[in-house]
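Undergrad:
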Amino acid sequence: MHTILQRISRHLQETGTPETLFGRRAAGDPRLVGDLRNGRQPRPPLIARIEAYIDRQERSQ
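If you count the sequence shown from 1, you need to add 14 to reach the numbering used here.
Right, dumping it as structure tokens:
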């Protein structure tokens with residue numbers, strides 16, 4: 015199953031974006047990625063914000 019954390023990790027690897035910058039830009043939370051890796055379970059609205067951010071970034075490349 016493809017998780018949001020897997021999608022974020024792939025995006026970070028492909029773009030070279032630091033975790034804290036991604037979290038700040040995608041959700042206003044610089045600790046987002048670290049928290050997700052430590053077991054934080056995002057709710058659907060947060061997942062939607064993250065996916066929308068990644069989608070916008072992919073379209074602009």
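Just so it is clear, CB atoms sit at the ideal spot from N, CA and C, and this is done for glycine as well. Being a predicted model, the structure only gives us computed values, none of them experimental.
Considering only residues of the same chain and omitting the five flanking positions on each side of Ala41, which have a CB-CB separation below 7 Å?
TA: Counting only Cβ-Cβ distances below 7 Å, and skipping sequence neighbours, we find Leu60, Arg63 and Ile64.
Undergrad: If we ignore side chains and look at the alpha-carbon of each, how far apart do Glu33 and Ile68 end up?
TA: Going from the Cα of Glu33 to the Cα of Ile68 covers about 13 Å.
Undergrad: Is it buried or exposed for Gly37, if we count other Cβ within 10 angstroms and need 16 for buried?
TA: Buried is the call here.
Undergrad: Where Arg70 and Arg39 are concerned, what is the direct C-alpha to C-alpha distance, given to the nearest angstrom?
TA: Going by the C-alpha atoms only, they are around 12 Å apart.
Undergrad: Go ahead and pull the three-state DSSP assignment for Pro32.
TA: In the structure shown, Pro32 sits in coil (DSSP, three-state: anything other than H, G, I, E or B).
Undergrad: Rounded to whole angstroms, what is the Cα-Cα separation between Ser74 and Gly30?
TA: Computed Cα separation, rounded: 15 Å.
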